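Taking it in order: structure first as structure tokens, then the write-up.
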Amino acid sequence: MFNKEECLRFIEEENVKFIRLAFFDAFGNQKNIAIQPDALPKAFEKGISFDRFNIKGFDIKGKEDLFLFPDPSTLTILPWRSMDGAVIRLYCDIKDANGNLYCEDTRNLLKEAVMELRSRKLNIDFATQFEFYLFHMDDNGVSTKTPIDHGSYMDVFPKDKGENIRREICFSLSDMGLEPKASHHEKGPGQNEIDFRKNDPLQAADDAQTFKWVVRSVASLHGLEADFSPKPLKDKPGNGVRVQVYLSEPSKVKSFIAGILVHIEEMTLFFNPCKQSYDRLNHEGAPKFVVCSSILRNQLIRYPQYRQDMFECQSLDSTSNPYLSYMLLIYAGLDGIDSNLDLEQVQKHYINRTLPSSLKEAMDLASKSDFIKQYVPESILKTYLNGSDEDF
Numbered sequence: 007m008f009n010k011e012e013c014l015r016f017i018e019e020e021n022v023k024f025i026r027l028a029f030f031d032a033f034g035n036q037k038n039i040a041i042q043p044d045a046l047p048k049a050f051e052k053g054i055s056f057d058r059f060n061i062k063g064f065d066i067k068g069k070e071d072l073f074l075f076p077d078p079s080t081l082t083i084l085p086w087r088s089m090d091g092a093v094i095r096l097y098c099d100i101k102d103a104n105g106n107l108y109c110e111d112t113r114n115l116l117k118e119a120v121m122e123l124r125s126r127k128l129n130i131d132f133a134t135q136f137e138f139y140l141f142h143m144d145d146n147g148v149s150t151k152t153p154i155d156h157g158s159y160m161d162v163f164p165k166d167k168g169e170n171i172r173r174e175i176c177f178s179l180s181d182m183g184l185e186p187k188a189s190h191h192e193k194g195p196g197q198n199e200i201d202f203r204k205n206d207p208l209q210a211a212d213d214a215q216t217f218k219w220v221v222r223s224v225a226s227l228h229g230l231e232a233d234f235s236p237k238p239l240k241d242k243p244g245n246g247v248r249v250q251v252y253l254s255e256p257s258k259v260k261s262f263i264a265g266i267l268v269h270i271e272e273m274t275l276f277f278n279p280c281k282q283s284y285d286r287l288n289h290e291g292a293p294k295f296v297v298c299s300s301i302l303r304n305q306l307i308r309y310p311q312y313r314q315d316m317f318e319c320q321s322l323d324s325t326s327n328p329y330l331s332y333m334l335l336i337y338a339g340l341d342g343i344d345s346n347l348d349l350e351q352v353q354k355h356y357i358n359r360t361l362p363s364s365l366k367e368a369m370d371l372a373s374k375s376d377f378i379k380q381y382v383p384e385s386i387l388k389t390y391l392n393g394s395d396e397d398f
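In terms of this note's numbering, the sequence shown is residues 7 to 398.
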């Protein structure tokens with residue numbers, strides 16, 4: 007990781023000519039401001055101002071500008087851009103004019119959740135698995151929704167025509183300091199999966215956002231569209247995100263899982279924030295019931311018998327904001343620990359309970375939830391209740 011001085015030295019030594027200062031709206035859509043290298047020292051000290059009014063989920067009642075403060079530890083070079091005048095990206099903290107961290111910044115909300123974990127001397131890591139389709143584009147650069155192959159689960163070339171692109175994606179990620187663990191063809195035609203090694207919550211969320219950007223960029227360079235949407239093809243498997251959660255205290259895992267089961271229905275709006283999410287949920291291969299299983303792999307929570315310190319949550323999709331999703335998973339789990347919930351008793355209580363079957367149902371549950379209102383700022387909750395812009 008870089009500090010400010012190392013970051014500035016890197017820019018000079020590597021002939022960096024362009025700097026992207028990146029941040030995210032409430033839905034996790036990446037935004038950025040591009041600056042020249044000579045503007046970076048000022049950005050570190052005083053920030054770069056921007057207009058909050060056009061950023062979804064940011065409080066429009068505030069009159070003051072907000073400021074982007076680059077986080078030097080997130081420096082990464084963009085390997086698909088020309089090295090003759092390199093381009094780097096820095097994620098940013100968002101502050102107000104008084105230097106206070108902005109409370110509607112979901113990246114900062116996750117940082118606060120991590121601080122709560124540390125105050126309890128509890129460590130959590132996340133390892134994420136992403137699914138996406140690769141589609142051909144026409145001569146005008148518009149997706150045809152025609153998959154690049156007709157392969158199926160873990161097929162190889164020539165049935166799998168995405169292996170070279172997956173390899174290039176993994177190499178690009180490695181060049182950027184990310185650690186992909188495995189990749190393979192998924193069940194659907196042209197569907198792929200790339201898995202990551204476990205990391206602390208903030209780094210895992212940063213990596214998730216970087217990953218989606220890299221995949222789309224590399225696919226575009228090959229004349230393809232990378233589609234992360236939950237159900238891009240009506241009669242084919244959907245795209246999910248599986249999140250493996252590792253706790254430093256295995257004795258607390260069952261209570262942590264129980265807390266998630268108790269709050270999962272009200273959190274679903276944030277894990278599955280668009281209409282298409284519900285074309286995937288409750289269908290073949292996707293979770294339906296509020297249940298934890300040590301055997302069945304497609305249940306909401308999988309708690310494998312061979313690991314006492316880990317479980318897997320399988321309801322999320324890539325339209326979710328990982329900063330917000332990981333924050334809610336942490337607080338729900340901590341509530342289970344604080345309440346000393348018994349997993350077996352919770353399972354009995356929630357038997358035959360299902361996840362919301364529509365976006366409207368998920369909105370209704372979130373709008374009535376004291377748990378959600380405690381941790382999700384009002385402006386962000388209102389934004390989600392008004393509906394996603396389907397921008398994925």
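In this text, a Cβ means the ideal position worked out from N, Cα and C, and glycines have one as well. This structure is a prediction, so every number in the text was calculated from the model and none was measured.
Collapsed DSSP secondary structure at residue i in the structure displayed
i, result
"Q197", "strand"
"M7", "coil"
"E231", "strand"
"R203", "coil"
"I378", "helix"
"T389", "helix"
"E272", "helix"
"F398", "At F398 the pLDDT is 48, less than 50, meaning the model places this residue with poor confidence; the figure from the coordinates comes in the next sentence. Three-state DSSP puts F398 in coil, outside helix and strand."
"K117", "helix"
"H289", "coil"
"E350", "helix"
"Q311", "coil"
"L184", "coil"
"E318", "strand"
"R26", "strand"
"T325", "coil"
"Q209", "helix"
"S60", "The question names Ser, yet the displayed sequence has Asn at residue 60. N60: helix per DSSP, three-state reduction."
Beta carbon proximity, residue i to chain C, threshold 8 Å
i, result
"D201", "Looking for chain C here will not work: only one protein chain is present."
With 16 other Cβ atoms within 10 Å as the buried cut-off, status of residue i
i, result
"P243", "buried"
"V148", "exposed"
"N170", "exposed"
"Q250", "buried"
"P362", "buried"
"F202", "buried"
"Q42", "exposed"
"Y390", "buried"
"D166", "buried"
"P105", "For the sequence presented, residue 105 should be read as Gly rather than Pro. Exposed: under 16 other Cβ atoms inside 10 Å."
"E318", "buried"
Reference residue i, options the options, closest by Cα
i, options, result
"N392", "H228, M316, L27 and P279", "P279"
"S375", "Y356, A338, L349 and L347", "A338"
"S178", "E192, I83 and S345", "I83"
"F136", "S261, P328 and L365", "P328"
"D246", "S321, F262 and A214", "For the record, residue 246 in the displayed sequence is Gly; it is not Asp. When only C-alpha atoms are compared, the closest one is S321."
"N198", "T216, D161, S300 and L208", "D161"
"T219", "M7, G34 and E19", "Just to set this straight, residue 219 is Trp in the shown sequence, not Thr. It is G34 whose Cα lies nearest to the Cα of W219."
"L347", "Y312, A225, I263 and S364", "I263"
"F234", "I357, R359 and K151", "K151"
Euclidean distance between Cα positions of residue i and residue j
i, j, result
"F277", "R303", "19 Å"
"A232", "P256", "37 Å"
"L334", "K48", "34 Å"
"H156", "N60", "41 Å"
"Y139", "P153", "7 Å"
"V296", "Q353", "8 Å"
"K240", "P195", "12 Å"
"A92", "R286", "40 Å"
"F75", "Y159", "43 Å"
"R3", "D65", "Examination of residue 3 is not possible in this model, given that the chain is present from 7 through 398 alone."
"L14", "P293", "47 Å"
"I94", "F24", "7 Å"
"Y381", "S331", "11 Å"
"C98", "D77", "5 Å"
"L371", "E271", "7 Å"
"L72", "L107", "10 Å"
Presumed contact (8 Å Cβ cut-off) between residue i and residue j, rounded CB distance
i, j, result
"F132", "K67", "No, F132 and K67 are not in contact; Cβ-Cβ is about 33 Å, not under 8 Å."
"A368", "L275", "4 Å"
"K265", "D206", "According to the sequence displayed, residue 265 carries Gly and not Lys. Going by Cβ atoms, the distance from G265 to D206 rounds to 20 Å, so no, they are not a contact pair."
"E122", "I386", "Contact doesn't hold; Cβ gap of about 18 Å is too wide."
"K258", "I343", "5 Å"
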